[in-house]
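Novice: Numbering (my numbering), first residue to last: -8 to 359. Glycine included, every Cβ here is placed at the ideal spot set by N, Cα and C. Below you will find the structure I want to go over with you.
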């Protein structure tokens, strides 16, 4: 696996390798209003602006504080800025502390990859907010861009606990509970975050199966090599916690993009997942690293859909780089996070991903 070493890169990856009820008529009007912008890929007809606010929660396992980016349907006030912009990343337009639009909205918990951060997935969260979703994106303590150790990232049980704790906080909070429809909650994650949301949906891991996979996976670009470089000895990982169940029954749908640790899932646990899911691979067939391949996972889950984005690579789920981004990375001998796999620009690949994600969440949350 490739590690995210640059403070410029702040990569979003597991390195490569509360309730107002509508009448039937008002619900149909509400859905129709939102489906059009989703299909239009967040064009000028979007129903809302994307407001942002940062909050803080405490990680259950370590007691560390975590910053959480809240992105929500908003009015046209607030400070206009570019969320996630820095020397490498272009960022996306948003409105800091804008007034929330009136209503109760579906909630999406959004989990970044190892070494990533919430703002770096702003291109996804702002799209969803403009189309009528509240999005809660934690910076996972110990495994985020400014606080990263591979020995923490292997503690995969922490992340679903983080997300469940975050959900507890939001539903108990006077401000956010008024905006969130607790009957319509999805979890979405990328790479290591994809693993997190699968665990929340009811999947379970087998440390023994993952250890067996790593005994044969010796490629310098593999996830197993990445773990070894980070000082992780799988023989010392807490099996009871690695294998434990983390299902959260409040989640009614999930989206897992290039979910990490694919060889380590227990197939019998996948068959017990009772909520709809979308598993998305960035690339097709053998272009997708073994540790990220999701087609067989989707085949084992009763209500899962599978899709792949041809011409994409794992890094394609990151934000848009500035024009000089590739040169900045070369100067730091860093991972090629600005490079994609084919001739399509990243913006076009993002549009394909957003259409897949938007249609799935419309069907599973907005049309309920």
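#1: In chain order, which continuous runs of the beta strand (DSSP E) of length 3 or greater are located wholly inside the stretch 258 to 311?
#2: Just the C-alpha distance for residue 353 and residue 148, rounded to the nearest angstrom, thanks.
#3: Do the CB positions of residue 64 and residue 123 come within less than 9 Å of each other?
#4: Given this structure, state the Cα-to-Cα distance separating residue 189 from residue 105, to the nearest angstrom.
#5: State the DSSP-derived secondary structure class of residue 227, mapped to helix, strand or coil.
#6: According to DSSP, simplified to helix, strand and coil, what is residue 160?
#7: Going by the beta-carbon positions, is the gap between residue 219 and residue 129 smaller than 9 Å?
#8: Do residue 242 and residue 74 have their C-beta atoms closer together than 9 Å?
#9: Return the residue from the list 228, 344, 171 and 127 that minimises the CA-CA distance to residue 96.
#10: Roughly how many angstroms lie between the CA atoms of residue 345 and residue 117, to the nearest whole one?
#11: Could you check whether residue 301 and residue 328 sit closer than 9 Å to each other, using their CB atoms as the reference points?
#12: Using the C-alpha atoms, what's the distance from residue 226 back to residue 355?
#13: Between which residues of its own chain and residue 294 is the CB-CB distance below 6 Å, once the five residues before and five after are set aside?
#14: Just checking my contact of residue 297 with residue 248 at CB under 8 Å: how many whole Å lie between their CB atoms?
#15: Can you tell me which of the three DSSP states residue 118 falls into?
#16: Compare the C-alpha of residue 110 against each of 43, 90, 287 and 162 and name the closest.
#17: Consult DSSP for residue 214 and reduce its assignment to one of helix, strand or coil.
#18: How is the beta strand (DSSP E) around residue 246 delimited, first residue to last?
#19: Determine the direct distance from the alpha carbon of residue 278 to that of residue 45, and round the result to whole angstroms.
#20: Using C-beta distances below 8 Å, list every residue in its chain close to residue 47, excluding the 5 sequence neighbours before and after it, in chain order.
#21: Let's see if you can read the secondary structure: which residues bound the alpha helix (DSSP H) around residue 90?
#22: By the DSSP assignment, the beta strand (DSSP E) with residue 181 in it spans what residues?
#23: Applying the 10 Å Cβ sphere with the 16-neighbour rule, what's the burial state of residue 195?
#24: Are the CB atoms of residue 239 and residue 158 nearer to each other than 9 Å?
#25: Roughly how many angstroms lie between the CA atoms of residue 17 and residue 358, to the nearest whole one?
#26: Suppose the cutoff is 6 Å on Cβ atoms and the five residues either side in sequence are ignored; what does the same chain contact list for residue 113 look like?
Specialist: From the atom records:
#1: Listed in chain order, the complete beta strand (DSSP E) runs (minimum 3 residues) inside the stretch 258 to 311 are 268 to 273 and 295 to 300.
#2: One alpha carbon belongs to residue 353, the other to residue 148, and they sit about 29 Å apart.
#3: Yes, the pair counts as a contact, with Cβ atoms nearer than the cut-off.
#4: Looking at the two C-alpha atoms, the distance is approximately 16 Å.
#5: Here DSSP, grouped into helix, strand and coil, assigns residue 227 to helix.
#6: When DSSP states are grouped into helix, strand and coil, residue 160 belongs to the helix group.
#7: No, Cβ-Cβ distance for residue 219 and residue 129 is not below 9 Å.
#8: Result no, Cβ atoms of residue 242 and residue 74 do not sit closer than 9 Å.
#9: When each option's Cα is compared against that of residue 96, the closest is 171.
#10: Each residue's CA atom was taken as its position, placing residue 345 and residue 117 some 11 Å apart.
#11: It is not a contact, given that the beta carbons lie outside the stated cut-off.
#12: Across the structure, residue 355 and residue 226 are spaced so that their CA atoms are roughly 40 Å apart.
#13: For residue 294, the CB contacts under 6 Å within the same chain, skipping 5 residues up- and downstream, are 267 in chain order.
#14: Taking 8 Å as the upper bound for CB-CB distance, residue 297 and residue 248 are not in contact here, some 12 Å apart.
#15: Looking at residue 118 - three-state DSSP - the assignment turns out to be helix.
#16: Per the Cα distances, 43.
#17: Secondary structure at residue 214: helix, using DSSP grouped into helix, strand and coil.
#18: Start and end: 244 to 248.
#19: Using only the alpha carbons, I get a separation of about 37 Å.
#20: Closer than 8 Å at Cβ, skipping near neighbours: 56, 57, 58 and 59.
#21: Judged by DSSP secondary structure, residue 90 falls outside any alpha helix (DSSP H); it is assigned neither H nor E.
#22: 171 to 181 is the extent of the beta strand (DSSP E) around residue 181.
#23: Burial of residue 195 is indicated by the presence of at least 16 other C-beta atoms within 10 angstroms of its C-beta.
#24: Yes.
#25: Because residue 17 sits at a pLDDT of 36, beneath the cut-off of 50, its placement in the model cannot be relied upon, and the point is left open.
#26: Result list for residue 113: 74, 75 and 83, in chain order.
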